[in-house]
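Trainee: So the sequences go chain by chain: C and Y. The opening position of the first sequence corresponds to residue 323 in the numbering used here, with each subsequent residue numbered one higher. The opening position of the second sequence corresponds to residue 323 in the numbering used here, with each subsequent residue numbered one higher. The beta-carbon is built from N, C-alpha and C at its ideal position, and this holds for glycine as well. Dropping the structure in here first, questions after.
2 protein chains.
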Amino acid sequence: MSIAASFVRHGKKIVAIGRNYVDHAKELGNAVPKEPFFFLKPTTSYLPSGGFVEAPRGINLHHEVELGIVIGKNGRDISQDDAMGYVAGYALANDVTARNMQNEVKKRGLPWAASKGFDTFTPISDFVPKEQVSDPHNLHLWLKVNGEFRQRGTTAEMIFRIPRLIEHVSSIMALEEGDLLLTGTPAGVGPFNIDDDVSCGLIDASTGQILAELQHG
Amino acid sequence: MSIAASFVRHGKKIVAIGRNYVDHAKELGNAVPKEPFFFLKPTTSYLPSGGFVEAPRGINLHHEVELGIVIGKNGRDISQDDAMGYVAGYALANDVTARNMQNEVKKRGLPWAASKGFDTFTPISDFVPKEQVSDPHNLHLWLKVNGEFRQRGTTAEMIFRIPRLIEHVSSIMALEEGDLLLTGTPAGVGPFNIDDDVSCGLIDASTGQILAELQHG
Ligand SMILES: [Mg+2]
Ligand SMILES: [Mg+2]
Ligand SMILES: [Mg+2]
Numbered sequence: 323m324s325i326a327a328s329f330v331r332h333g334k335k336i337v338a339i340g341r342n343y344v345d346h347a348k349e350l351g352n353a354v355p356k357e358p359f360f361f362l363k364p365t366t367s368y369l370p371s372g373g374f375v376e377a378p379r380g381i382n383l384h385h386e387v388e389l390g391i392v393i394g395k396n397g398r399d400i401s402q403d404d405a406m407g408y409v410a411g412y413a414l415a416n417d418v419t420a421r422n423m424q425n426e427v428k429k430r431g432l433p434w435a436a437s438k439g440f441d442t443f444t445p446i447s448d449f450v451p452k453e454q455v456s457d458p459h460n461l462h463l464w465l466k467v468n469g470e471f472r473q474r475g476t477t478a479e480m481i482f483r484i485p486r487l488i489e490h491v492s493s494i495m496a497l498e499e500g501d502l503l504l505t506g507t508p509a510g511v512g513p514f515n516i517d518d519d520v521s522c523g524l525i526d527a528s529t530g531q532i533l534a535e536l537q538h539g
Numbered sequence: 323m324s325i326a327a328s329f330v331r332h333g334k335k336i337v338a339i340g341r342n343y344v345d346h347a348k349e350l351g352n353a354v355p356k357e358p359f360f361f362l363k364p365t366t367s368y369l370p371s372g373g374f375v376e377a378p379r380g381i382n383l384h385h386e387v388e389l390g391i392v393i394g395k396n397g398r399d400i401s402q403d404d405a406m407g408y409v410a411g412y413a414l415a416n417d418v419t420a421r422n423m424q425n426e427v428k429k430r431g432l433p434w435a436a437s438k439g440f441d442t443f444t445p446i447s448d449f450v451p452k453e454q455v456s457d458p459h460n461l462h463l464w465l466k467v468n469g470e471f472r473q474r475g476t477t478a479e480m481i482f483r484i485p486r487l488i489e490h491v492s493s494i495m496a497l498e499e500g501d502l503l504l505t506g507t508p509a510g511v512g513p514f515n516i517d518d519d520v521s522c523g524l525i526d527a528s529t530g531q532i533l534a535e536l537q538h539g
């Protein structure tokens, strides 16, 4: 199995884009960004589908369903024209966030790393090889808590599309095979508890085919 | 060579503590923290000694000389009593910072990742096995720019000592063999340019022995 296909075990970093859907930026009272920005999550936060999110007492969990891009080869200063050649495939992720902690550090100008980086804070689906995806900018993604829809979005509504994200990130830090790029969450983020059942799906909007599923407790 | 001894190649994360020396917290006008906090740097930012720091035009570079702890085995929720058993060795690092960018994101409540994470922003010495270090809390570290001392400190003055840092970080995210924990910088941080010569040293204060040296252009 390639490093990309086994990215959960062998990848070195998770680069997560913030506020990449207009409706989500607005729902948290944030301005729509003029250029992409990102934070890092540690790969120790991966939780394969079927696992259980854990958090210390006093942490308010929020779900953020996101399309993940799995990088297939090393590169830096990648142009938008070349960017899709660096994509090995995709995955569906929940960018779990300790929202009360994140709100506090944002106010104080402190790093986001802890509020995004607890063990189990990146539930992740199986790898989806790029050959299975006709158009990554035409995918539906949804998230349910205890069977109720909370997020439904389409990657057609990303503010910055995948080639632009790869160009931006790789102008700052080299991307390596097995890195994951989280592309931001559509509107509908909200709280869940560790005893809730959370399920997510990624659908090819042109065929209706289910590309990935993800569940966690 | 173990993963720890080859951490620059094989490690997965760099966890960097902020404001762990009183005089440094004060020099940037920050409060002395009541508990440790940290950010993440990508391992793509490592620059072995002898290399050259690069930065885009308009970035104001600051140096921060720091003792690095190389983790020797995997663990989470590590107690202070057990913490030193997870240390494989040490390294000397410069936690290079895009200070103008960091000041801007702090004001806006945005992540620190980019301002700390450019390629070449973690110049790093050779690995120092723990057996060579009699007391990690009694080391001198210094940094010179073009032959002039800019930073001189002692790890005796850390606010939070190594076992407390390992306990804190591992209560949030698992530590893995080859991870690097940067322990914060003493006072004296300041600007340097990409054409300056920067050199750093790590000295065993009880013997006067040089444990590590680091140079970059
Ligand atoms: Mg997110
Ligand atoms: Mg824990
Ligand atoms: Mg530092």
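Quick check on this structure: which residue in C:I339, C:R331, C:G523 has the alpha carbon closest to the alpha carbon of H462 (chain C)?
Mentor: For this step, residue 462 (chain C) is matched to residue 140 along the first sequence. It is C:G523 whose Cα lies nearest to the Cα of H462 (chain C).
Trainee: For D543 (chain Y), return the contacting residues in chain C, with the cut-off set at a CB-CB distance below 9 angstroms.
Mentor: Any question about residue 543 (chain Y) goes unanswered here, given that chain Y covers just 323 to 539.
Trainee: Closest Cβ-Cβ distance between P364 (chain Y) and chain C: below 8 angstroms?
Mentor: Counting from 1 along the second sequence, the entry for residue 364 (chain Y) is found at position 42. For P364 (chain Y), the answer is yes, since a Cβ of chain C falls inside 8 angstroms of its Cβ.
Trainee: Sorted by chain position, which residues of the same chain lie with C-beta nearer than 6 angstroms to T476 (chain Y)'s C-beta, five sequence neighbours on each side aside?
Mentor: Locating residue 476 (chain Y) in the second sequence gives position 154, counting from the first residue. Answer for T476 (chain Y): H462, listed in chain order.
Trainee: With 16 as the cutoff for other CB atoms within 10 Å, does K429 (chain C) come out buried or exposed?
Mentor: As a working note, residue 429 (chain C) is residue 107 in the first sequence. Its Cβ having fewer than 16 others within 10 Å, K429 (chain C) is exposed.
Trainee: Strictly by DSSP, which residues pair up with W434 (chain C)?
Mentor: The residue given as residue 434 (chain C) occupies position 112 in the first sequence. W434 (chain C) is not bridged to any residue.
Trainee: So which residues on chain Y does F514 (chain C) lean against when the C-beta distance must stay under 8 angstroms?
Mentor: Position 192 of the first sequence, counted from the start, is the residue given in the question as residue 514 (chain C). Those within 8 angstroms of F514 (chain C) in chain Y number zero; the least Cβ separation is about 19 angstroms.
Trainee: Using a Cβ cut-off of 7 angstroms, which residues of the region 349-363 of chain C contact any Cβ in chain Y, in chain order?
Mentor: Hits within the stretch, in order: F359, F360, F361, L362.
Trainee: According to DSSP, is K335 (chain Y) part of a helix, a strand, or is it coil?
Mentor: Mapped onto the second sequence, residue 335 (chain Y) falls at position 13. Coil, per DSSP.
Trainee: Can you tell which of C:L362, C:Y408, C:G372, C:E357 has its C-alpha closest to the C-alpha of K335 (chain C)?
Mentor: In the first sequence, counting from the first residue as 1, residue 335 (chain C) sits at position 13. For K335 (chain C), the nearest C-alpha among the options comes from C:L362.
Trainee: Are the CB atoms of I391 (chain C) and R484 (chain C) within a distance shorter than 8 angstroms?
Mentor: Taking the first sequence and counting its residues from 1, the one referred to as residue 484 (chain C) is at position 162. Taking the first sequence and counting its residues from 1, the one referred to as residue 391 (chain C) is at position 69. For the sequence presented, residue 484 (chain C) should be read as Ile rather than Arg. Closer than 8 angstroms, so yes.
Trainee: Can we say the region 435-449 of chain Y touches the region 439-459 of chain C, given the rule of at least three CB pairs closer than 8 angstroms?
Mentor: Contact between the region 435-449 of chain Y and the region 439-459 of chain C is absent, because fewer than three Cβ pairs lie under 8 angstroms.
Trainee: Please identify, using Cβ separations under 7 angstroms, the residues of the region 426-457 of chain C that lie next to chain Y, in order along the chain.
Mentor: Answer in chain order: K428, K429, G431, L432, P433, W434, A435, A436, G439, F440, D441.
Trainee: For K466 (chain Y), list the residues DSSP reports as bridge partners.
Mentor: Within the second sequence, residue 466 (chain Y) is the residue found at index 144, counting from 1. Answer is Y:F471, Y:S521, bridged to K466 (chain Y).
Trainee: Taking Cβ positions, are L487 (chain Y) and P358 (chain Y) nearer each other than 8 angstroms?
Mentor: Taking the second sequence and counting its residues from 1, one reaches residue 487 (chain Y) at position 165. Taking the second sequence and counting its residues from 1, one reaches residue 358 (chain Y) at position 36. Yes, the Cβ-Cβ distance between L487 (chain Y) and P358 (chain Y) is below 8 angstroms.
Trainee: If you measure from the beta carbon of S367 (chain C) to each beta carbon in chain Y, is any gap under 8 angstroms?
Mentor: Numbered from its first residue, the first sequence carries residue 367 (chain C) at position 45. S367 (chain C) counts as touching chain Y.
Trainee: Listed in chain order, which residues are found with a beta carbon closer than 7 angstroms to a heavy atom of ligand 5?
Mentor: This structure lacks ligand 5; its bound ligands are ligand 1, ligand 2 and ligand 3.
Trainee: Looking at chain Y, is there any beta carbon in it that lies within less than 8 angstroms of the beta carbon of K334 (chain C)?
Mentor: The residue labelled residue 334 (chain C) in the question sits at position 12 within the first sequence. Interface residue, yes.
Trainee: Opposite H538 (chain Y) in the DSSP bridges: which residues?
Mentor: For the purposes of this step, residue 538 (chain Y) is taken as the residue at position 216 of the second sequence. Answer is Y:V520, bridged to H538 (chain Y).
Trainee: Run through DSSP, which three-state label would A509 (chain C) get?
Mentor: By one-based count along the first sequence, residue 509 (chain C) stands at place 187. Residue state, collapsed to three classes: coil.
Trainee: Within 10 angstroms of its Cβ, does D403 (chain C) collect 16 or more other Cβ (buried), or is it exposed?
Mentor: To locate residue 403 (chain C), count along the first sequence from 1; it is residue 81. Its Cβ having fewer than 16 others within 10 Å, D403 (chain C) is exposed.
Trainee: What span of residues does the beta strand (DSSP E) with E388 (chain Y) cover, start to end?
Mentor: Here residue 388 (chain Y) refers to the residue found at position 66 of the second sequence. Run containing E388 (chain Y): 387-393, per the beta strand (DSSP E) assignment.
Trainee: With DSSP run on the structure shown, which of helix, strand or coil describes K363 (chain Y)?
Mentor: Residue 363 (chain Y) sits at position 41 when you count from the first residue of the second sequence. Strand.
Trainee: Could you give the residue range of the alpha helix (DSSP H) that holds P485 (chain C)?
Mentor: Residue mapping note: residue 485 (chain C) aligns to position 163 of the first sequence, counting from 1. Per DSSP, P485 (chain C) belongs to the alpha helix (DSSP H) from 484-492.
Trainee: Check whether the region 360-378 of chain C and the region 445-458 of chain Y touch, using three or more Cβ-Cβ pairs below 8 angstroms as the test.
Mentor: Result no; under three Cβ-Cβ pairs closer than 8 angstroms.
Trainee: Would you tell me roughly how many angstroms separate the C-alpha atoms of V427 (chain C) and H346 (chain Y), rounded to the nearest one?
Mentor: Position 105 of the first sequence holds residue 427 (chain C). Position 24 of the second sequence holds residue 346 (chain Y). Distance between the alpha carbons of V427 (chain C) and H346 (chain Y): 20 angstroms.
Trainee: Helix, strand or coil for M406 (chain Y) per DSSP?
Mentor: As a working note, residue 406 (chain Y) is residue 84 in the second sequence. Correct three-state label for M406 (chain Y): helix.
Trainee: If we count Cβ pairs, one from each stretch, closer than 8 angstroms, do we get three or more for the region 464-480 of chain Y versus the region 526-533 of chain C?
Mentor: They do not touch, by the three-pair rule.
Trainee: Mark G380 (chain C) as exposed unless 16 or more other C-beta atoms lie within 10 angstroms of its C-beta, in which case mark it buried.
Mentor: Translated into the one-based positions of the first sequence, residue 380 (chain C) becomes position 58. Exposed: under 16 other Cβ atoms inside 10 Å.
Trainee: Would you kindly check if the distance between the Cβ of Y412 (chain C) and the Cβ of P355 (chain C) is under 8 angstroms?
Mentor: What you label residue 355 (chain C) is simply residue 33 of the first sequence in a count that begins at 1. What you label residue 412 (chain C) is simply residue 90 of the first sequence in a count that begins at 1. No, Cβ-Cβ distance for P355 (chain C) and Y412 (chain C) is not below 8 angstroms.
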